[in-house]
Amino acid sequence: MVRPRTIRGQLSRILVVSLLLVSVLLGVIVVREVGSYRQSGETVDGVSLALAVQDLVQEVQRERGLSNGLLGGDARLERPVADQRVNTDRALNALEGGIGDTPGSAELRTALDRFATLATTRWQIDGRQISRQVAFQFYTDGITVLNRLTLGLDSARDSQVRHGLRALYALGDTKEQTAKERGFLNGVFAADEFRADEYGQFQEIRAAKTAGLAAFARDATARQQRLLDAALRSENATKATESEQIAIASYAGPLVRSVDPVTWWAQMTAVIDEQRRVQQAIGDDVRQRAEVLRKHAAFILGGVLLAALLAVIGEVAMVFVSVRAIVRPLVLLADDAGDVADRRLPGIIAAWHASDESQPPPPEPVHAASGASTEIAALAAALDGVQSTAFTLASEQAQVRRNTVESLGNLARRNQNLVRRQLSLISEFERAELDPKGLSNLFELDHLATRMRRNAENLLVLVGESSPRRWAEPIALTDVIRAGLSEVDDYHPVVVHRIDEVAIVGGVVTALAHMLAELIENGLAFSPPDLEVEIYGRMLPTGYLLAVVDHGIGMPAHKLAQANARLRGEQDFVVAPTRYLGHYVVGRLARRLGIEVELNASPVSGIVARLHLPAEIIAGERDREESAGEQAISALSAGADGRMPGGLSLQR
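Take a look at the structure:
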C-alpha cells in the first residue's frame, strides 16, 4: 500500500483513500448540511413572502371595511375608499413583483387570480350595483385564499421555527376575523340595523375570532402572547369592545343604540394595526431563528467542504504520483499501439504493393517506458509479439494479394487473346457459310465468344488494367448501347426509350459499353422473362443522364446501400462474393471515366440504375453516315461482317 509495483496495488490505494475520505465526508455530511442550508433559506424566503402577503391582506381588509360602510349608506367614506384602493393596488403590485421562484409561488399566483375581477367589483360598488353582502364576500374570499397559504411551513424542520410560523398564521386568521368584524359592523352601524341573516353572520365572525386566538395561544411564546394581550387591552380595543357589545345586544335587528361608523372604524383599525405589529414581531423572530440556522448550516457546510478539499488535494497528489507510475507508461504504450495500427503496418502493406520483389524491413519493436510496472512491461512485450505476428501475416497477405492480381491479369490477357482469335476464326466461318441454319449457329457462337471476351475484360478491370480495344472517332450513344447489348445474353427483352442522341468520345466508348452490358445483364438476371428492361437517356445542363430500368424483384434497402457502396469503390473485390463482381467492375470503370452510378428502387417494382455522364465524354454534334455507324458497332462487337443483335428495339 505504500509503494505498490502492480497496477492492482496502486488502484487499490486510490480506491481505499477515495472511499474513506470522499465518500464519508461528502456522501453523508455534505448532503445533510446542504439540505439544512437550503431548507433554512427556503424558510427565510417563505417568511418574507408570508409577511408581504399579510401586507396585502392588511390593505384588502381596510378596503373591504370601507367599501362595506360606503354600501351601508355612509357617503363620507367615498374619499377614504378611493385613497385605500391606491394603497391596495400598490401592495398587490409589490407582491406580484416579488414572488419569484420561491416554494409556494405557484399557489400564491393562483391565489392572486382571485383579484382578477377587482376592478369590476369596484366599479359596481361605485355605481351601487352590488349588495353589501356580495361585495363583502368578494373581498373575504380573496383574503381567505391568501390566509390559507402556509409559505415556509413545509420547509421548516426546526421546532421553534414551526411553532413560530403556526403562531404567525393563527394570528393572521385572528386578524382577518377582526377585520371582517370591522368591515361587517361598519356597514351595520352605517345602516343603523342588522338586516336579514346579518346577525348570524356577525356571531360566526366572533366565534371564528375566538378560535383563532385559542390557536395562537397554543403555538405562541410567552413574549408573543404578552404582545397580543397588550394590543387587545389597549384603549381603542376597550372602546371597540363596548361598540361590539351594542351590536351583540341588537339581536332583534335595529341597534339598541346608534354607533358612529367612523369612530368604530378608527378604533378597530387601531386594534388591527396593533395585531399587525405583533404579527411582524413574530415574523422577525422566525426570520432571525431561520437566519441563525442558516448560518449554522453554512458554517458546518464550510467545514465539511474544507475537509473535503483537503481530501481531494491528497487524492490529487496520489493520483499525480500514480500517473508517473501507471498512466504515462500506458499512454506511451497506447501511442505505440496506435502507431503500429496507423503507420507501421499500413506502411509495410504499401511497401509490398510498391515493391516488386524486395521485402520491406520489419517495424520497430515496442518497448515499455523506463520505470514502468511489471504488468506494463509484460503488456509491451505482448504488443511487440502481436506486431511481429501482424507483420508476418500482413506480409503474407500482401504477397498473396499481389500474386493473385498478377495471376488474374495474366489469365485475363491470355483469355482475351484466345477469344480474339476465336472471334476472328468465327467471322471467317460466317463469311464462308451458306446454310441458314449453320449460319445462325455461327451467329450464336459469335455472341457467346463476345460475352467470354467481356468476362476476360472484367478481370483486367478488376486488376487495374485497361482493355486493348480502343476507338478513335466519336460514336453515337445508340450505337454504344447496341455494343453493350451485343455482349449480353438474351438481349431481346431490352427496349430503348426516348434517347436524346449524342456522340460519345471514342476513347471511352469501349468502357461505357462494358458498363452498360454489366448493368443490363444484371437487370435481365433479376427480371421475369416476360418483362422488359428499359433504357432511357436525356441530355442535362451538367452532362447526360442514362437510366437502365428493370421491373424485377428489387432489393431491400440495406442491400441497396451495400450495392451502391460497391459501386462507389468503398469495398475490396478480393474479399467480396463472386456474384457481386459486376458491381466492382462498373464501379472501377465509373471512377476511371468520372461517371456517377447509383442504384435506386423503382417507383413500381425493380431497380433503376442511373448513370450521370460528365460533359467531358460527350462529343460535339457531327454528321455520320449510316455505314460509318454500322462499321463502328461491328468493330466494337468484333463481328467482322457488321451484324447487329436482331432483337434490339429502339423507340423514339
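Take the sequence shown: its letters are residues 1 to 652, numbered as in the working numbering. All C-beta atoms in this analysis are idealised placements derived from N, C-alpha and C, irrespective of residue type, glycine included.
Worksheet item: Between the Cα of Arg182 and the Cα atoms of Ser424, Val533, Arg148 and Ile272, which residue gives the shortest distance?
Response: Counting from 1 along the sequence shown, the entry for residue 182 is found at position 182. Out of Ser424, Val533, Arg148 and Ile272, Ile272 has the C-alpha closest to the C-alpha of Arg182.
Worksheet item: Can you tell which of Ile504, Ser370 and Thr241 has its C-alpha closest to the C-alpha of Ala615?
Response: As a position in the sequence shown, residue 615 is number 615, starting the count at 1. If we check each option's Cα against that of Ala615, Ile504 comes out closest.
Discussion item. Considering only the alpha carbon of each residue, which of His497, Arg233 and His583 lies closest to Gln267?
Written reply: Position 267 of the sequence shown, counted from the start, is the residue given in the question as residue 267. Of His497, Arg233 and His583, the residue nearest in Cα terms is Arg233.
Worksheet item: Between the C-alpha atoms of Thr178 and Ile143, what's the straight-line distance to the nearest angstrom?
Response: Reading the sequence shown from its first residue, position 178 is the one you call residue 178. Reading the sequence shown from its first residue, position 143 is the one you call residue 143. So the alpha carbons of these two residues sit roughly 13 angstroms apart.
Worksheet item: Is the beta carbon of Leu656 sitting closer than 8 angstroms to the one on Gln84?
Response: As shown, the chain starts at 1 and ends at 652. That puts residue 656 outside it, with no answer to give.
Discussion item. Restricting to Cα atoms, I'd like to know which of Val340, Ser373 and Thr374 is closest to Gly385.
Written reply: Against the sequence shown, residue 385 aligns to sequence position 385. Among Val340, Ser373 and Thr374, the Cα nearest to that of Gly385 belongs to Val340.
Worksheet item: Using the C-alpha atoms, what's the distance from Phe184 back to Asp192?
Response: Taking the sequence shown and counting its residues from 1, the one referred to as residue 192 is at position 192. Taking the sequence shown and counting its residues from 1, the one referred to as residue 184 is at position 184. Those two C-alpha atoms are separated by around 12 angstroms.
Worksheet item: Cβ-heavy atom distance between Phe136 and the ligand HEM below 7 angstroms?
Response: In the structure shown, the ligand HEM is absent, as is every other ligand, since no ligand is present at all.
Item to complete: Just the C-alpha distance for Leu599 and Ile607, rounded to the nearest angstrom, thanks.
Response: Taking the sequence shown and counting its residues from 1, one reaches residue 599 at position 599. Taking the sequence shown and counting its residues from 1, one reaches residue 607 at position 607. Going by the C-alpha atoms only, they are around 7 angstroms apart.
Discussion item. Rounded to the nearest angstrom, what separates Leu70 and Pro80 at their Cα positions?
Written reply: As a first step, residue 70 is located in the sequence shown; it is residue number 70 there, counting from the start. As a first step, residue 80 is located in the sequence shown; it is residue number 80 there, counting from the start. Straight-line Cα distance between these residues: approximately 10 angstroms.
Worksheet item: Are there 16 or more other CB atoms within 10 angstroms of the CB of Val502, so buried, or fewer, so exposed?
Response: Residue numbering aside, residue 502 sits at position 502 when the sequence shown is read from its first letter. That one is buried.
Worksheet entry | Cβ-based neighbour list, Gly253, same chain, cut-off 6 angstroms, excluding 5 preceding and 5 following | The count along the sequence shown starts at 1 and reaches residue 253 at position 253. These residues qualify, in order along the chain: Glu193 and Phe194.
Discussion item. Nearest by alpha-carbon distance to Glu521: which of Ala281, Ile248 and Ala609 is it?
Written reply: Taking the first residue of the sequence shown as 1, we reach residue 521 at position 521. Nearest of Ala281, Ile248 and Ala609 to Glu521, Cα basis: Ala609.
Discussion item. If distances are taken between C-alpha atoms only, which option among Ala240, Gln225 and Gly200 comes closest to Asn186?
Written reply: Along the sequence shown, one-based indexing puts residue 186 at 186. With distances taken between Cα atoms, Asn186 lies closest to Ala240.
Discussion item. On the DSSP bridge list, what partners appear for His612?
Written reply: Stepping through the sequence shown from its first residue, residue 612 is reached at position 612. Paired residues: Leu545 and Glu596.
Item to complete: Figure out for me which residue from Val331, Ala167, Val17 and Leu21 has the closest Cα to the Cα of Ser370.
Response: As a first step, residue 370 is located in the sequence shown; it is residue number 370 there, counting from the start. Among Val331, Ala167, Val17 and Leu21, the Cα nearest to that of Ser370 belongs to Val331.
Discussion item. Is there a C-beta anywhere in chain C that falls below 8 angstroms from the one on Glu291?
Written reply: Looking for chain C here will not work: only one protein chain is present.
Worksheet entry | CA-to-CA distance, Val366 to Leu567, given in whole angstroms | Numbered from 1 along the sequence shown, position 567 holds the residue referred to as residue 567. Numbered from 1 along the sequence shown, position 366 holds the residue referred to as residue 366. Leu567 and Val366: Cα-Cα distance of roughly 40 angstroms.
Discussion item. Using only CA atoms, which one of Ile248, Ile348 and Ala75 lies nearest to Phe391?
Written reply: The residue you call residue 391 lines up with position 391 of the sequence shown. The shortest C-alpha separation from Phe391 is found at Ile348.
Fill in: Residue interval of the beta strand (DSSP E) (run including Ile535)
The residue you call residue 535 lines up with position 535 of the sequence shown. Counting along the chain, the beta strand (DSSP E) containing Ile535 begins and ends at Val533 to Leu540.
Discussion item. Using DSSP's beta-bridge definition, name the partner residues of Pro254.
Written reply: The residue given as residue 254 occupies position 254 in the sequence shown. Looking at the DSSP assignment, Pro254 forms a beta bridge with Glu193.
Discussion item. Assuming Gln54 and Gln279 are in contact, meaning their beta carbons sit under 8 angstroms apart, how far apart are those beta carbons, in whole angstroms?
Written reply: Counting from one through the sequence shown, the residue named residue 54 turns up at place 54. Counting from one through the sequence shown, the residue named residue 279 turns up at place 279. Going by Cβ atoms, the distance from Gln54 to Gln279 rounds to 6 angstroms, so yes, they are a contact pair.
Worksheet item: Leaving out five residues before and five after Ala640 in sequence, what residues of the same chain have Cβ atoms less than 6 angstroms from its Cβ?
Response: Here residue 640 refers to the residue found at position 640 of the sequence shown. Low local confidence applies: a pLDDT of 33 at Ala640 is under 50, so the model's placement there is unreliable, with the coordinate-based value given in what follows. Answer for Ala640: Ser427, listed in chain order.
Practice prompt. Consult DSSP for Ala220 and reduce its assignment to one of helix, strand or coil.
Written response: Along the sequence shown, one-based indexing puts residue 220 at 220. Note: Ala220 maps to coil in three-state DSSP.
Practice prompt. Taking only the alpha-carbon atoms, compute the straight-line gap between Gly484 and Arg344 and give it to the nearest angstrom.
Written response: On the sequence shown, residue 484 is found 484 positions in, with the first residue counted as 1. On the sequence shown, residue 344 is found 344 positions in, with the first residue counted as 1. Roughly 45 angstroms between the two C-alpha positions.
Worksheet entry | CB contact flag (Gln275, Leu171, <8 angstroms) | Within the sequence shown, the letter at position 275 stands for residue 275. Within the sequence shown, the letter at position 171 stands for residue 171. Contact flag set, yes.
Worksheet item: Could you give the C-beta distance for Leu168 and Gly283, rounded to a whole number, given that I count them as a contact under 8 angstroms?
Response: Along the sequence shown, one-based indexing puts residue 168 at 168. Along the sequence shown, one-based indexing puts residue 283 at 283. Yes, they are in contact, since the Cβ atoms of Leu168 and Gly283 sit about 6 angstroms apart, within 8 angstroms.
Discussion item. Quick check: what's the CA-CA separation for Arg624 versus Ile618?
Written reply: Counting from one through the sequence shown, the residue named residue 624 turns up at place 624. Counting from one through the sequence shown, the residue named residue 618 turns up at place 618. Unreliable positioning characterises Arg624 in this predicted model, as indicated by a pLDDT of 42, which lies under 50. A coordinate reading is not provided.
Fill in: Pairwise C-alpha distance: Ala337 and Ala381
In the sequence shown, counting from the first residue as 1, residue 381 sits at position 381. In the sequence shown, counting from the first residue as 1, residue 337 sits at position 337. Ala381 and Ala337: Cα-Cα distance of roughly 12 angstroms.
Worksheet item: What three-state label does DSSP hand Ser627 in the structure shown?
Response: As a working mapping, residue 627 is identified with position 627 in the sequence shown. No answer about Ser627 holds up, because its pLDDT of 35 lies below 50 and its placement is not dependable.
Discussion item. Distance check for Arg328 and Ser388, CA to CA, integer angstroms please.
Written reply: If you number the sequence shown from 1, residue 388 lands on position 388. If you number the sequence shown from 1, residue 328 lands on position 328. Looking at the two C-alpha atoms, the distance is approximately 24 angstroms.
Worksheet item: What does a CB cutoff of less than 7 angstroms around His583 pick up in its chain, not counting 5 residues either side in sequence?
Response: For the purposes of this step, residue 583 is taken as the residue at position 583 of the sequence shown. Ala563, Arg566 and Leu567, listed in sequence order.
Item to complete: Measure the Cβ-Cβ separation of Leu92 and Leu56 and say whether it is below 8 angstroms.
Response: By 1-based counting over the sequence shown, the position of residue 92 is 92. By 1-based counting over the sequence shown, the position of residue 56 is 56. Closer than 8 angstroms, so yes.
Discussion item. So, under 8 angstroms CB-CB, Ala590 and Leu560 are touching, yes? Tell me the CB distance rounded to an integer number of Å.
Written reply: Taking the sequence shown and counting its residues from 1, one reaches residue 590 at position 590. Taking the sequence shown and counting its residues from 1, one reaches residue 560 at position 560. Going by Cβ atoms, the distance from Ala590 to Leu560 rounds to 17 angstroms, so no, they are not a contact pair.
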